[in-house]
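Numbering (UniProt numbering) for the sequence shown: 1 to 496.
The C-beta atom is built at its ideal place from N, Cα and C for all residues, glycine as well.
Here the structure is a predicted model, which means the values were calculated and not measured.
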Amino acid sequence: MLAGISPLHRMAARQPDAIAVIAEAQICENQNSEAHNGEAQISETQNSEIQLSYGELSHRVRATAAALKQAKIKRLGVIGPNSLEQIILYWASVDAGSLFCPLSWRLPEAQLAQLATELRLDALSLDTEQDLKLNGLSVPRFPLPNLPLPNFASSAFEPPTPAPIDPLRPVNLILTSGSSGKPKAALHCLNNHMASAEGAASLIPLSPGDRWLLSLPLFHIGGLAIVNRCALAGATLVLPSTQGLAKDIRRFQISHLSLVMTQLRKLLAEDPDALASVKALLLGGSALAPDLLTRLSEFNVRAFGSYGMTEMSSQITTGPANEEGHSGHLLPERELRLVDGEIQLKGPCLFLGYLEDDKINLPLTADGWFASGDLGLLDEQGRLHVNGRKDNMFVCGGENLQPEEVEAALKQHPEIEDALVFGADDPVFGLLPQAILRCSEGCQNTMPSQAQLDAFLAPRLARFKRPRCYHPWPELMDSGLKPNRKALIAAVKAKY
Numbered sequence: 001m002l003a004g005i006s007p008l009h010r011m012a013a014r015q016p017d018a019i020a021v022i023a024e025a026q027i028c029e030n031q032n033s034e035a036h037n038g039e040a041q042i043s044e045t046q047n048s049e050i051q052l053s054y055g056e057l058s059h060r061v062r063a064t065a066a067a068l069k070q071a072k073i074k075r076l077g078v079i080g081p082n083s084l085e086q087i088i089l090y091w092a093s094v095d096a097g098s099l100f101c102p103l104s105w106r107l108p109e110a111q112l113a114q115l116a117t118e119l120r121l122d123a124l125s126l127d128t129e130q131d132l133k134l135n136g137l138s139v140p141r142f143p144l145p146n147l148p149l150p151n152f153a154s155s156a157f158e159p160p161t162p163a164p165i166d167p168l169r170p171v172n173l174i175l176t177s178g179s180s181g182k183p184k185a186a187l188h189c190l191n192n193h194m195a196s197a198e199g200a201a202s203l204i205p206l207s208p209g210d211r212w213l214l215s216l217p218l219f220h221i222g223g224l225a226i227v228n229r230c231a232l233a234g235a236t237l238v239l240p241s242t243q244g245l246a247k248d249i250r251r252f253q254i255s256h257l258s259l260v261m262t263q264l265r266k267l268l269a270e271d272p273d274a275l276a277s278v279k280a281l282l283l284g285g286s287a288l289a290p291d292l293l294t295r296l297s298e299f300n301v302r303a304f305g306s307y308g309m310t311e312m313s314s315q316i317t318t319g320p321a322n323e324e325g326h327s328g329h330l331l332p333e334r335e336l337r338l339v340d341g342e343i344q345l346k347g348p349c350l351f352l353g354y355l356e357d358d359k360i361n362l363p364l365t366a367d368g369w370f371a372s373g374d375l376g377l378l379d380e381q382g383r384l385h386v387n388g389r390k391d392n393m394f395v396c397g398g399e400n401l402q403p404e405e406v407e408a409a410l411k412q413h414p415e416i417e418d419a420l421v422f423g424a425d426d427p428v429f430g431l432l433p434q435a436i437l438r439c440s441e442g443c444q445n446t447m448p449s450q451a452q453l454d455a456f457l458a459p460r461l462a463r464f465k466r467p468r469c470y471h472p473w474p475e476l477m478d479s480g481l482k483p484n485r486k487a488l489i490a491a492v493k494a495k496y
């Protein structure tokens, strides 16, 4: 490794002409307009694709880093769908010593304004649509500079010479999902990401020539992990187009793919044969439903289930997708133990801490472990089974009830895509389980009846665990990659 430079520049020195990024031309219209007088080597193919080599990407990143330094930007908020601009800004922030802060464009303007204040952002980088939507935000804008790109030839290309970087310095901020409360701002360093990528590659190899679709947003740790994996391996990062997931997989001949269950279910319903080029499919977000596992078995694709979290820089355990409900074995560069059933973690993937009142707080046990708040067990083969959150458990008639167990059983029903179980007040039992159901497409108007669901759950769950009442998933509530548990429960309780 070339000391003191990011994996992107290291790969640019090794293979300057290898393709680093592929994107749809209209997504990169700003970059395309910069090509002039034969200076740029960004190529637009007949399929309106833009391909950027590692040498070209390295040059643009270094120039953008210089602009960040000149503007004295320490914290940069980035809002908008995945784009080439955001990839450049991430690596430029690494070089410049700026903190890359991707935020969800789905959040309302008032919440984004509050976050900009709380996080003390120096500037925002937005696409045109987001800039119009958020014109009320007074935070200064940082546009991507218009940079002419020299014509790189491998015979004349010199290794990049960016300023040395500290691999232990914070490089990004990711907001946790906030499924159980207010989101927290988690900080990572480059070493966190590299350890995560190296451990993941031990089970899911990634090589130059492979193509990984950036199918998850950069404000999610799973999305940022894809960017880092590709740079470390010298693989090609492919940005989604406007044509949809299935067409992107076919068009770009995707070899590696990360999906949550909702994305997978939609893909299998629309065009399952698109998976023909995919060598590795990494699944996260929740347990794999049996019907999806059955469908996947029809295709020659290696599917992996995983357990991960923002605080551990993405994956923690990974293994072949399975019916047993386990999340595989612990990956290298991670340590795991169980204390009273709670999963505790440490290792080089562990984040730097939460940004709280402009200070970094890393909550650890007295002997240096991070308590995840998740409950689990290790089977005889050393595979992790995740049982749910400690703070979701409630007592029903003197019995402990873990909502995630009931949710997993409900999601085995062919007409149920997602489920959320909570305890509702009851004068006799204290709390009784109720469930919020999101039905599969085509079944929204025919939600299974109480009697049908009782019959379905009877052989799967004890009587006290079966919901006494079912509610439809609230409309207009964006679940994102993980449902906001508290918000969904509050909305249902307010309505019913």
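Between the C-alpha atoms of I249 and L461, what's the straight-line distance to the nearest angstrom? 39 Å
Only counting runs of 4 or more residues, tell me where the alpha helix (DSSP H) segments fall wholly within the stretch 435-459, in order along the chain. 450-457
Hey, is the stretch 381-401 in contact with the stretch 428-439, meaning 3+ C-beta pairs nearer than 8 Å? yes
Supposed close pair E323, L293 - CB separation, criterion 8 Å: 6 Å
Taking DSSP as the reference, what is the three-state secondary structure of G284? strand
Quick check on residue 507: buried or exposed, where buried means 16 or more other Cβ atoms within 10 Å of its Cβ? Outside the shown range of the chain, which is 1 to 496, sits residue 507, and nothing can be said about it.
Along the alpha helix (DSSP H) that carries M11, what are the first and last residues, could you check? P7 to R14
Minimum length 3: unbroken beta strand (DSSP E) runs contained in the stretch 360-426: 370-378, 384-389, 394-396, 399-401 and 416-426
So, is L232 buried or exposed, given that buried needs 16 or more other C-beta atoms within 10 angstroms? buried
Beta-ladder partner(s) of Y354, from DSSP: A186 and N361
Exposed or buried, P217, counting other C-beta atoms within 10 Å across all chains shown (16 or more means buried)? buried
Going by the CB atoms, is the gap between L283 and M309 shorter than 8 Å? no
Inter-residue CB distance, L401 and A419 (contact presumed, cutoff 8 Å): Actually they are not in contact, since the Cβ atoms of L401 and A419 sit about 14 Å apart, beyond 8 Å.
With contact counted as at least three CB pairs below 8 Å, one residue from each stretch, are the stretch 268-275 and the stretch 222-229 in contact? no
Cutoff 6 Å; reference C469; Cβ partners in own chain excluding five residues on either side: Q434
Report back the beta-carbon spacing between A12 and L52 to the nearest angstrom; my notes put them in contact at under 8 Å. In fact, because the Cβ distance is near 11 Å, the residues do not count as touching under 8 Å.
Leaving out the 5 sequence neighbours to the left and right, which residues in its chain are closer than 8 Å to E405 when beta-carbon positions are compared? N387, G388, L461 and K465
Is it the case that the Cβ atoms of A185 and L331 are separated by a distance below 8 Å? no
According to DSSP, simplified to helix, strand and coil, what is N30? Summary for N30: the model assigns pLDDT 46, below 50, so the residue's position carries little reliability; its value from the coordinates is reported in the next sentence. Here N30 sits in helix by DSSP.
E109 versus L187: straight-line alpha-carbon distance, rounded: 23 Å
For F299, tell me which candidate among A280, Q315 and I316 has the shortest Cα-Cα distance. A280
From P164 to V171, what does the alpha carbon distance come to, in whole angstroms? 14 Å
Uninterrupted alpha helix (DSSP H) stretches inside the stretch 194-267 (no shorter than 4 residues): 221-233 and 245-252
Identified DSSP bridge partners for A23: I50
Would you be able to state if there are at least three C-beta pairs under 8 Å between the stretch 55-74 and the stretch 114-125? yes
Helix or strand or just coil, what does DSSP make of residue 534? Coverage of the chain is limited to positions 1 through 496, which leaves residue 534 absent and any answer about it impossible.
Please look up how many angstroms separate the CB atoms of E49 and A25, rounded, as I've assumed it's under 8 Å. 6 Å
Rounded distance between the beta-carbons of F422 and P448, thought under 8 Å: The Cβ separation is near 19 Å, so there is no contact.
L107 and G77 - do their beta-carbons sit closer together than 8 Å? no
Buried or exposed (CB count within 10 angstroms, at least 16 for buried), residue 531: Because residue 531 is not part of the residues shown, which for the chain are 1 to 496, the question remains open.
Close-in-space but distant-in-sequence residues of the same chain around V301 (CB under 6 Å, 5 per side omitted): L275, V278 and L281
Compute the Euclidean distance between the alpha carbons of A66 and F100, then round it to the nearest angstrom. 15 Å
DSSP three-state assignment for S297, whether helix, strand or coil: coil
Just to confirm my understanding: we take A494, look at its own chain, exclude 5 residues before and 5 after, and list those with CB closer than 6 Å. What are they? none
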